[in-house]
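Comments concern the structure below.
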Amino acid sequence: MKTLVLGGSGFIGYYLAKYFNATSASAHQKEGYIKLDITDKEEVSEVLNKIKPELIINSTAIADVDLCEKEKETAMLVNGYAVEWLSSLSKEIGAEFVQISTDYVFDGFTGNYKEEDNPNPINEYGKSKLIGEENALKNDAIVLRIEMPYGINVAKNKNVFFESVINNLKEGKTVNAAVDQIISPTFVEDIPKAVEVLVKKGANGIFHLASKEHFSRFEFVNIIADVFNFDKTIIKPVKLADFKMLAKRPKNTFLNIDKISKFYEIKPLKENLEKIKNEITI
Numbered sequence: 001m002k003t004l005v006l007g008g009s010g011f012i013g014y015y016l017a018k019y020f021n022a023t024s025a026s027a028h029q030k031e032g033y034i035k036l037d038i039t040d041k042e043e044v045s046e047v048l049n050k051i052k053p054e055l056i057i058n059s060t061a062i063a064d065v066d067l068c069e070k071e072k073e074t075a076m077l078v079n080g081y082a083v084e085w086l087s088s089l090s091k092e093i094g095a096e097f098v099q100i101s102t103d104y105v106f107d108g109f110t111g112n113y114k115e116e117d118n119p120n121p122i123n124e125y126g127k128s129k130l131i132g133e134e135n136a137l138k139n140d141a142i143v144l145r146i147e148m149p150y151g152i153n154v155a156k157n158k159n160v161f162f163e164s165v166i167n168n169l170k171e172g173k174t175v176n177a178a179v180d181q182i183i184s185p186t187f188v189e190d191i192p193k194a195v196e197v198l199v200k201k202g203a204n205g206i207f208h209l210a211s212k213e214h215f216s217r218f219e220f221v222n223i224i225a226d227v228f229n230f231d232k233t234i235i236k237p238v239k240l241a242d243f244k245m246l247a248k249r250p251k252n253t254f255l256n257i258d259k260i261s262k263f264y265e266i267k268p269l270k271e272n273l274e275k276i277k278n279e280i281t282i
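Residue numbering for the sequence shown follows the UniProt record's numbering, beginning at 1 and increasing consecutively.
Written out as C-alpha cells, the structure reads:
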C-alpha cells in the first residue's frame, strides 16, 4: 500500500515511515524527505495529487505542551485546523487517513478512559488535538490516541521522556518523577503495527493504544531502572506542581485498551523494555 507519512522526521513518524516503507514529509527541509507545510492547503493538495498515496498517516504535531500554551493560534492551526483539509483531501483522492492523537484530550479526573468517553482537555495542546480529531472523524478517518510513547529515539530530534530517563540514570544524575500523574505509556513500535491492523480491517473512528498496565511516572521510572539495572536511589518522588510548568497537566489519563485488544496483542511493559535493552548499548 503506497503510504505517505506526515511528520516523518519525528520520533513517531520515523517508525511509521520505516514500517510502511513510506514517502515521508516534513515541515523542515531534510534530505530524504518531501518538504511540506501542512498549514498550506494548496501545497497539501498539490503534493497529495502528485504522490497519490493510498494511505496517509498524520503524525505532525506541535507536541510541546507549554509551547502550545504560549502559541495558541499556531498550535490550533497545526494540530487542529490543518487536519480538516488533510483528511478531506485524502478522502477526495480515495486514500485512507489516520490521525495520531493523544490522551491529553481528557481532563485526567478519572482515568481508564474509553473511546466513547467525553473529552475535556485542560490545556491548549489537548484542545488543539481534539479539534484535529473532530476534523478527521468528519472524513471517516481513523483516530489513534496514544500516550507518552517510549522506545529508541532514532530520529534524535526531540526530547523524549524515556530517552532522557535512560541517559540520566546511566550518568548517575537525579531523576525527579511525579507520583501524582498516572500513565499507560505506548510502545512506539506498536503504533505502525496497530495502524496496519486497523487499516486492513477497514476500520474508522477512535481507538486507544497504550500499555496494559498503568502506574505513576515515578513507578514507571523505577520499572525502567529495574530492567536496565540502574541505581534506583537517584530516582526522587515529586509532585507535578513541583515542576512549575506553564500548562496544566491532566493527572490521570491512562487509556482503556479493551477495544483494540480484541484484534491487536499488546505485550507487557517489561517485555518491551527488555527488547529495547537488547537493542541498545548502555
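Every residue gets a Cβ at the ideal spot worked out from N, C-alpha and C, and that includes glycine.
- In this chain, Ile-62 is not harboured by any beta strand (DSSP E), its DSSP state being neither H nor E.
- Per DSSP, Phe-207 is one residue of the beta strand (DSSP E) stretching across 205-209.
- Residue Ile-224 holds the alpha-carbon nearest to the alpha-carbon of Tyr-150 among Asn-112, Glu-133, Ile-224 and Thr-174.
- Distance from the Cα of Thr-281 is smallest, within the candidate group Arg-217, Ser-184, Ile-166 and Thr-233, for Ile-166.
- Here Lys-18 carries a helix assignment [DSSP, helix/strand/coil].
- Under DSSP, Phe-97 shares a beta bridge with Ile-56.
- Ile-38 and Val-78 have their C-alpha atoms spaced approximately 7 Å apart.
- Here DSSP, grouped into helix, strand and coil, assigns Thr-233 to helix.
- For Lys-251 against Glu-115, the beta-carbon gap comes to about 21 Å, at or over 8 Å, which does not count as contact.
- For Ala-75, the enclosing alpha helix (DSSP H) starts and ends at 72-76.
- Lys-91 and Asp-242 have their alpha carbons spaced roughly 45 Å apart.
- The continuous alpha helix (DSSP H) containing Asn-278 extends over residues 269-279.
- If you ignore the 5 residues before and after Lys-2, its C-beta comes within less than 6 Å of the C-beta of Pro-53 and Glu-54, all in its own chain and listed in chain order.
- Two segments are said to touch when three or more pairs of C-beta atoms, one from each, lie closer than 8 Å; by this definition the stretch 40-47 does not touch the stretch 218-238.
- Rounded to the nearest angstrom, the Cβ distance from Tyr-113 to Thr-253 is 7 Å, consistent with a contact under 8 Å.
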